[in-house]
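When the letters of the sequence shown are read in order and numbered with our numbering, they come out as residues 15 to 206. Don't be surprised by glycine CBs; every beta carbon is placed ideally from N, CA and C. Data first, discussion second: the structure below is written as structure tokens.
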Amino acid sequence: MLGHKIGIRNTGNSCFAASILQMLLNLPKFQQEIVKVHFKGETGKILHQFFTSVETITKDDLENLLIKVMKFDESIENLQQKDPHEFLLELLECINTNSEDNNEIYKMFLIEKLITTYCYNGMEEEENTAIEKFIFENINPNIGDLQSHIDKVASAQHLFINEGPERISQNIRIIKSPSILLFLIRRTEFDD
Numbered sequence: 015m016l017g018h019k020i021g022i023r024n025t026g027n028s029c030f031a032a033s034i035l036q037m038l039l040n041l042p043k044f045q046q047e048i049v050k051v052h053f054k055g056e057t058g059k060i061l062h063q064f065f066t067s068v069e070t071i072t073k074d075d076l077e078n079l080l081i082k083v084m085k086f087d088e089s090i091e092n093l094q095q096k097d098p099h100e101f102l103l104e105l106l107e108c109i110n111t112n113s114e115d116n117n118e119i120y121k122m123f124l125i126e127k128l129i130t131t132y133c134y135n136g137m138e139e140e141e142n143t144a145i146e147k148f149i150f151e152n153i154n155p156n157i158g159d160l161q162s163h164i165d166k167v168a169s170a171q172h173l174f175i176n177e178g179p180e181r182i183s184q185n186i187r188i189i190k191s192p193s194i195l196l197f198l199i200r201r202t203e204f205d206d
């Protein structure tokens with residue numbers, strides 16, 4: 015027993031899963047929330063064991079658990095390579111599916127976008143504000159660098175949608191981008 019969080023050695027084609035699981039094991043907020051989750055079924059039991067016994071488990075046992083955790087996804091079991099964010103999404107879905115009650119873990123991974131729409135009908139202007147929350151799957155998968163996409167959206171100019179007698183325009187800003195993105199976009203600095 016090591017008494018502290020240990021590293022996960024890549025076994026086979028598992029670097030994408032090992033990096034996400036290692037990141038989650040070292041996020042105090044995630045650790046605080048995952049121990050509150052009441053899991054059900056065999057997969058839930060494995061997830062619970064993986065996330066709650068990491069401080070007292072041996073390295074070999076941890077790697078055996080890693081293999082079990084990865085088996086919830088058929089494509090992982092067949093050793094198909096994935097991007098880390100795809101594995102994270104599937105793991106979050108697996109946590110939700112195999113828990114007995116609603117949990118708030120996914121909220122740690124949400125990005126919030128503030129959309130302000132201005133409508134002008136020739137006499138008066140109306141302003142409507144909406145907050146849209148999304149996670150990685152809502153970001154175009156063809157975007158090579160997630161952070162540059164977020165920066166682009168965050169600095170988007172006032173966008174004119176319609177310039178007729180009724181003018182409609184939007185202003186879009188990222189208002190919350192979790193620091194957990196840091197690990198997924200491989201950057202070394204982050205402004206909170």
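Nearest candidate by alpha-carbon position, reference residue i, set the options
{"i": "Ile48", "options": "Phe101, Phe30, Asn117", "result": "Asn117"}
{"i": "Lys127", "options": "Phe30, Glu140, Glu146", "result": "Glu146"}
{"i": "Lys43", "options": "Asn135, Cys29, Phe65, Glu104", "result": "Phe65"}
{"i": "Ala31", "options": "Glu77, Met137, Asp115", "result": "Glu77"}
{"i": "Leu124", "options": "Val51, His99, Gly55", "result": "His99"}
Reduced DSSP secondary structure (H/G/I, E/B, other) of residue i
{"i": "Lys50", "result": "coil"}
{"i": "Ser113", "result": "strand"}
{"i": "Cys29", "result": "helix"}
{"i": "Asn78", "result": "helix"}
{"i": "Glu146", "result": "strand"}
{"i": "Leu124", "result": "coil"}
Contact under 7 angstroms by Cβ, residue i with residue j
{"i": "Phe53", "j": "Leu41", "result": "no"}
{"i": "Glu141", "j": "Tyr132", "result": "yes"}
{"i": "Phe101", "j": "Ile34", "result": "yes"}
{"i": "Asn110", "j": "Thr57", "result": "no"}
{"i": "Leu13", "j": "Tyr120", "result": "With the chain running from 15 to 206 in the structure shown, residue 13 is simply not present."}
Cβ-based neighbour list, residue i, same chain, cut-off 6 angstroms, excluding 5 preceding and 5 following
{"i": "Ala144", "result": "Ile129"}
Proximal residues to residue i (C-beta, below 7 angstroms), its chain only, five neighbours per side dropped
{"i": "Lys59", "result": "Phe53"}
{"i": "Leu38", "result": "Phe44"}
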